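Order-wise, the sequence lines are chains A and B.
Quick note on numbering: the first sequence equals residues 1 to 415 in the numbering used here.
Quick note on numbering: the second sequence equals residues 416 to 830 in the numbering used here.
Beta carbons are placed, not taken as given, at the ideal position from N, Cα and C, and that holds for glycine.
Bear in mind the structure is a predicted one, so any value in this text is a computation, not a measurement.
Protein chains: 2
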Amino acid sequence: MTAIEEIGAKAKQAALALGTVSAEAKNAALKAMADALLARTEVILAGNEDDRKAGRDSGMTAALMDRLTLTESRVAEMAEGLREVAALPDPVGEVVAGWRIPNGLQINKVRVPLGVVGIIYEARPNVTVDAAGLCVKSGNAVILRGSSNAINSNRVLTQIIAKASEDAGLPEGSIQLIPFTDREAAKELMRLRKYVDVLIPRGGAGLIQTVVEQSTVAVIETGLGNCHTFVDASADLEMALAIAINAKCQRPGVCNAMETLLVHRDVAQEFVPKVCRALAEQGVEVRGDATVRELFPTAKEATEEDWYEEFLDLILAMKVVGSVQEAIDHINTYGSKHSEAIITRDYDAQRIFMMSVDSADVYVNASTRFTDGNQFGLGAEIGISTQKLHARGPMSLRELTTTKFMIYGSGQIRG
Amino acid sequence: MTAIEEIGAKAKQAALALGTVSAEAKNAALKAMADALLARTEVILAGNEDDRKAGRDSGMTAALMDRLTLTESRVAEMAEGLREVAALPDPVGEVVAGWRIPNGLQINKVRVPLGVVGIIYEARPNVTVDAAGLCVKSGNAVILRGSSNAINSNRVLTQIIAKASEDAGLPEGSIQLIPFTDREAAKELMRLRKYVDVLIPRGGAGLIQTVVEQSTVAVIETGLGNCHTFVDASADLEMALAIAINAKCQRPGVCNAMETLLVHRDVAQEFVPKVCRALAEQGVEVRGDATVRELFPTAKEATEEDWYEEFLDLILAMKVVGSVQEAIDHINTYGSKHSEAIITRDYDAQRIFMMSVDSADVYVNASTRFTDGNQFGLGAEIGISTQKLHARGPMSLRELTTTKFMIYGSGQIRG
């Protein structure tokens, strides 16, 4: 057995036990994990400082450095996050449906944990704690595989929460970190079908692409967000302006921020200069098609690549379209199937948009920034699924489970 | 664009339209497809005869030849199957859940088609019609890729049902067959992420393994059934005997038939010889561990491979175990996560078995042969999922859909 296989086997063993642990016991463990993080904040910050030093020495960008950095208040936030997960209802054991068939067999469809969940993620060390908390609460063992940039932070965090969870009575191996950050280790995890039930990559397009290409374990794709807002001919243009600014600027570095604004030709003359000026005031660089650049000459030229791009920055692609259908076609061609909005007062326009846009979350007259487990009222999320299988949109505890048919008989045989 | 890409693009286009077609229109198309199959039975049988001739020339086994063969009554069964699917409720448009969040946004989780479903399957030509019917009813475009053995049958069947569905008003490209049966064509389909939303392999272990290994499109694994029955110490042995014979012999060639019988040590002395004699009467070859062979000396020796094997034949592996836990461990180690049963009168034994066996369908005191969409009352099935993501157990129309969040606002922006 390789070291990775040993981690997998241990996780599988833990998962079989963890699936039968009561919510009370899991919640007690989550609170113990939170306490342990607070009690050991100094050790965590020291580990994080090692990563930051390595980052400084290797010339890490300021944005990456910010994601990597832990502070006393960020540690407190992680602990608070665990307490919030403890307060959520346990999805395990929910009878999703149940019925009796004519021969008397009682068929119950019952929610059970997935088993072993693998998380492959990039620099943010808080994912270590957030993902572990959600997995444990939903009865899953978790195998964490963070990036080399955050290896010291991740090691310290995992040691603390794994020990706290074991001391609180959860099975050993419920929370494990893969201590190797080379590509081969990740590749081995992606092919560990014998032990791992699902892999969730959390990170940029490159990471997700790699996991999808190389994994034989089932994958849930999350988080890639090339989100669109379409301002229809009938839109309330004041509303459209407020929503466009909010969707682009309120937090540009997240997956539900708008990356492309589509404007109906009939209102372009009035709306494009207005929205471009407002965006410029917020420091947004507009990359437009020919019509946009005519109406707002300081806009740069949008390339074909820009329509596909998730900028995660104060950059916006903008295009004038001739119809709702053209907007829908553009979104279905270039989008990442995350979140899209139409701003309209027209019943038929919103109806065709909602039905035909092939994305996880489609909005009428609201900012795409609401695509978020907490905003939706689902609680903390493990990610936002942009695929169609299993779960679509914000994924919380329930989406970390599967179901099982439990069938109760009294000697039935098939005739 | 390659020929396969063209099929994919056409399917994607069809899917976007098909997702908005009413149940009435889809049902009318299904009935037209059924009528067309009946009207053109002779053409179908002629196409099938070409395949059978090629099969005879290449020395095809009798079992394979039987699966390949179409008759007038089998064509009528396919037509009847389409009518049954037409009679099932349309899953599209079901509001799975809906709620309003504090800022007034109405969030509806709505059932929508997956989009484009690819089916890769082996010799049975009836899969062509069954799968197409279920996909169309659930609003999905389907790309069929059958085996070379049945290519003439599949061509004729697809031409007939595709034309009938188009004549009835469904979008062109809703039902397509890949006319190439080489490996490269299948491989290309498995990587057609741009157009195909999910791939469902239907066939033996080799086919499923290949698709899982090579596909970058999301896969639903179906149908591999190494099913177990465990006769507990407290079992009603008359009931256990009847269930064991039914699970093994009633139809040995299907995925929910029993392949391994586990017997508790405390009842082995009485039960093993009895069940072995009854099985022998049915022509079943028993392959046992040392204890089984002591108790029934005509049993052959079971190899390590036999515990993993899906025999699909009158062969049964048999083992004596010391406890419920040993039975659970055996099943979780060697099983295929399909269907397992415990025969017991003990409350705790069934409770731990039901919770700890990691399979799609777990039974107390009934034959595993009930794992079937029709038996469960779900209607015709596209397969039985043995994976945990998306759907687990019998998959019918609802399992061929995903959901989408439709969010209705009045100008909400995020603060």
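Query raised in the report: alpha helix (DSSP H) containing SER356/A: first to last residue?
Result: Position 356 of the first sequence holds residue 356/A. Per DSSP, SER356/A belongs to the alpha helix (DSSP H) from 347-356.
Report task. Could you list which residues in chain B have their beta carbon closer than 8 Å to that of GLY411/A, in chain order? Result -> Translated into the one-based positions of the first sequence, residue 411/A becomes position 411. By Cβ distance, chain B contributes ASP651, MET654, ALA657, ILE658, ASN780 and ALA781.
Query raised in the report: Rounded to the nearest angstrom, how far is the Cβ of SER771/B from that of ILE743/B, given a contact under 8 Å?
Result: Working through the second sequence from its first residue, we reach residue 771/B at position 356. Working through the second sequence from its first residue, we reach residue 743/B at position 328. With 8 Å as the limit, SER771/B and ILE743/B qualify as a contact, their Cβ atoms being about 5 Å apart.
Query raised in the report: From what residue to what residue does the beta strand (DSSP E) around GLU6/A run?
Result: Within the first sequence, numbered from 1, the residue matching residue 6/A stands at position 6. It is not in any beta strand (DSSP E) - GLU6/A instead sits in the alpha helix (DSSP H) that spans 3-18.
Query raised in the report: Does THR291/A have its Cβ less than 7 Å from a Cβ in chain B?
Result: As a working note, residue 291/A is residue 291 in the first sequence. False, the Cβ-Cβ gap to chain B never drops below 7 Å.
Query raised in the report: Does any C-beta atom of chain A lie closer than 7 Å to the C-beta of TYR823/B?
Result: By one-based count along the second sequence, residue 823/B stands at place 408. Judged by the 7 Å Cβ criterion, TYR823/B is in contact with chain A.
Query - Proximity below 7 Å, CB of LEU398/B to CB of GLY794/B - result: Outside the shown range of chain B (416 to 830) lies residue 398/B, about which nothing can therefore be said.
Query raised in the report: In the stretch 160-221 of chain A, which residue ranges form an unbroken beta strand (DSSP E) of at least 3 residues, counting only runs that do not cross its ends?
Result: 175-177 and 198-202
Requested in this report: With 8 Å as the C-beta to C-beta threshold (strictly closer), list the residues of the stretch 210-221 of chain A near chain B in chain order.
Outcome: VAL212, GLU213, THR216, ALA218, VAL219 and ILE220
Query - Buried versus exposed, by CB contacts within 10 Å (16 or more), GLN697/B - result: Your numbering for residue 697/B matches position 282 in the second sequence. Classification for GLN697/B: exposed.
Query - Sub-7 Å separation of VAL707/B and MET733/B beta-carbons - result: To locate residue 707/B, count along the second sequence from 1; it is residue 292. To locate residue 733/B, count along the second sequence from 1; it is residue 318. The answer is yes: Cβ separation under 7 Å.
Query raised in the report: Is the shortest distance between the beta-carbon of ARG891/B and the beta-carbons of chain A less than 7 Å?
Result: Because residue 891/B is not part of the residues shown, which for chain B are 416 to 830, the question remains open.
Requested in this report: Give the interface partners of ARG414/A over in chain B, defined as CB-CB distance under 7 Å, in chain order.
Outcome: Residue mapping note: residue 414/A aligns to position 414 of the first sequence, counting from 1. Neighbours of ARG414/A on chain B, chain order: ASN661, GLN665, SER782, ARG784 and PHE785.
Requested in this report: Could you run through the stretch 430-443 of chain B and flag, in chain order, every residue whose CB is less than 8 Å away from some CB of chain A?
Outcome: LEU431, GLY434 and THR435
Requested in this report: Quick one: list the residues of chain A neighbouring LYS803/B, beta-carbon separation under 8 Å, in chain order.
Outcome: Here the question's residue 803/B lines up with position 388 in the second sequence. The contacting residues are LEU114, GLY115, ASP197, VAL198, ALA218 and THR402.
Requested in this report: Kindly say whether PHE791/B, judged by its beta-carbon, lies nearer than 7 Å to any beta-carbon of chain A.
Outcome: Counting from 1 along the second sequence, the entry for residue 791/B is found at position 376. Closer than 7 Å to some Cβ of chain A, the Cβ of PHE791/B qualifies, so yes.
Requested in this report: Could you round the C-beta distance between ASN108/A and GLY93/A to whole angstroms and report it? I think they count as a contact, below 8 Å.
Outcome: On the first sequence, position 108 is the one that residue 108/A refers to. On the first sequence, position 93 is the one that residue 93/A refers to. That pair is no contact at about 11 Å.
Query raised in the report: Does the ligand FMN have even one heavy atom less than 6 Å from the beta-carbon of ALA28/A?
Result: With respect to small molecules bound, the structure shown includes none, and the ligand FMN cannot be examined in it.
Requested in this report: Have a look at ASP763/B, ILE767/B and ILE758/B and flag the residue whose alpha-carbon is nearest the alpha-carbon of SER782/B.
Outcome: As a first step, residue 782/B is located in the second sequence; it is residue number 367 there, counting from the start. Nearest option by C-alpha distance: ILE758/B.
Query raised in the report: So, helix, strand or coil for ILE799/B, using DSSP?
Result: Position 384 of the second sequence holds residue 799/B. Correct three-state label for ILE799/B: strand.
Query - Members of the stretch 490-517 of chain B near chain A, C-beta cut-off 8 Å - result: TRP514 and ILE516
Report task. Given a cut-off of 7 Å, decide if ASP130/A and GLY81/A are closer than it, judged by their beta-carbon atoms. Result -> Taking the first residue of the first sequence as position 1, residue 81/A is located at position 81. Taking the first residue of the first sequence as position 1, residue 130/A is located at position 130. Cβ atoms of GLY81/A and ASP130/A: closer than 7 Å.
Query - Below-7 Å beta-carbon distance, ARG392/A vs any chain B residue - result: As a position in the first sequence, residue 392/A is number 392, starting the count at 1. Output row for ARG392/A: interface = yes.
Report task. For ARG287/A, collect the residues of the same chain with a Cβ closer than 6 Å to its Cβ; drop the 5 residues on either side in sequence, then sort them by chain order. Result -> Translated into the one-based positions of the first sequence, residue 287/A becomes position 287. Cβ within range, chain order: LYS300, ALA302, ASP306 and ALA317.
Requested in this report: Can you check DSSP and say which residues form a bridge with THR108/A?
Outcome: The residue labelled residue 108/A in the question sits at position 108 within the first sequence. Reading off the sequence, residue 108/A comes out as Asn, not Thr. Note: ASN108/A sits in a beta bridge opposite GLY98/A and MET406/A.
Query raised in the report: Leaving out the 5 sequence neighbours to the left and right, which residues in its chain are closer than 6 Å to ASP454/A when beta-carbon positions are compared?
Result: Absent from the model: residue 454/A. The displayed extent of chain A is 1 to 415, so no value can be given.
**Report entry** is_contact[LEU134/A, chain B] using C-beta, thresh 7 Å
**Finding:** As a first step, residue 134/A is located in the first sequence; it is residue number 134 there, counting from the start. Taking Cβ atoms only, chain B never reaches closer than 7 Å to LEU134/A, which makes this a no.
**Report entry** For VAL531/B, three-class secondary structure by DSSP
**Finding:** As a position in the second sequence, residue 531/B is number 116, starting the count at 1. Reduced to three states, the DSSP call for VAL531/B is strand.
Query raised in the report: Should PRO540/B be labelled buried (16 or more other beta-carbon atoms within 10 Å of its own) or exposed?
Result: Locating residue 540/B in the second sequence gives position 125, where the first residue counts as 1. Buried, because 16 or more other Cβ atoms sit within 10 Å of the Cβ of PRO540/B.
Query - LYS248/A (DSSP reduced to helix, strand or coil) - result: On the first sequence, residue 248/A is found 248 positions in, with the first residue counted as 1. Helix, per DSSP.
Query raised in the report: How many Å lie between ASP761/B and ALA650/B at the Cα?
Result: Counting from 1 along the second sequence, the entry for residue 761/B is found at position 346. Counting from 1 along the second sequence, the entry for residue 650/B is found at position 235. Between ASP761/B and ALA650/B, the C-alpha separation is close to 8 Å.
Report task. List the residues of chain A whose Cβ lies closer than 7 Å to the Cβ of MET475/B, in chain order. Result -> Residue numbering aside, residue 475/B sits at position 60 when the second sequence is read from its first letter. Near MET475/B there are no residues of chain A at all, since even the closest Cβ is about 30 Å away, more than 7 Å.
Query - Pairwise C-alpha distance: VAL646/B and ASP681/B - result: Residue 681/B sits at position 266 when you count from the first residue of the second sequence. Residue 646/B sits at position 231 when you count from the first residue of the second sequence. Cα to Cα, the separation comes out at about 10 Å.
**Report entry** chain B contact residues for ASP361/A, given Cβ-Cβ distances below 7 Å
**Finding:** Taking the first sequence and counting its residues from 1, one reaches residue 361/A at position 361. Ordered by position in chain B, the residues that pass the 7 Å Cβ test against ASP361/A are PHE820 and ILE822.
Report task. With distances taken Cα to Cα, identify the nearest neighbour of ALA443/B among LEU485/B, VAL500/B and LYS468/B. Result -> Position 28 of the second sequence, counted from the start, is the residue given in the question as residue 443/B. Measuring from the Cα of ALA443/B, the nearest candidate turns out to be VAL500/B.
Query raised in the report: Using CA coordinates, which residue listed in SER323/A, VAL284/A and ILE178/A is at the minimum distance from ILE315/A?
Result: Numbered from its first residue, the first sequence carries residue 315/A at position 315. The candidate whose alpha carbon is nearest that of ILE315/A is VAL284/A.
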